[in-house]
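First the structure, in the form of structure tokens, and then the observations on it.
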Amino acid sequence: MDTRNYIRVRQFCSSHNIAESFVRILQEYEVIEMVEINRELHLHEYELPKLEKMLRLHKELEIDPQGLQAVHHLLQKVALLQQEVSTLQRKLDRFENS
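In the working numbering, the protein residues as written are 36 to 133.
Here it is in structure tokens:
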């Protein structure tokens, strides 16, 4: 496996001054995904913005992991709805230009 696009969870936690258990809990709640490489947990780089957002919500608004799971789920729904609106808008534009 190509590990260039992965960061060690331990390294992330150390640089953000958080416990690894917090990141593991987020994985249990299916907020983030981790993989094990050489017996160490790693995050793909595309997970970093999401994890940093969840960490900010946790620290600044004191949202617990269950709340973060709900926030994550709602953000996914909003993103899907935005895609659907964009698709419908493009179809409407094509229809109006015909």
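The C-beta atom is built at its ideal place from N, Cα and C for all residues, glycine as well.
- The alpha carbon of Gln-104 has as its nearest neighbour, out of Asn-40, His-79, Leu-61 and Glu-68, the alpha carbon of Leu-61.
- A check of alpha carbon separations from His-77 across Cys-48, Gly-102, His-93 and Arg-129 identifies Cys-48 as the nearest.
- According to DSSP, Tyr-41 shares a beta bridge with His-79.
- Using a Cβ-Cβ distance cut-off of 8 Å, the segment 90 to 98 and the segment 120 to 132 are not in contact, since fewer than three pairs of beta carbons, one from each stretch, lie closer than that value.
- Contact between Arg-45 and Glu-55 holds, since their C-beta atoms are separated by about 6 Å, short of 8 Å.
- Counting along the chain, the unbroken alpha helix (DSSP H) around Glu-131 starts and ends at 100 to 131.
- When the Cα atoms are used, Leu-86 and Lys-112 turn out to be separated by approximately 18 Å.
- Taking 8 Å as the cut-off, the Cβ atoms of Glu-68 and Glu-82 count as close.
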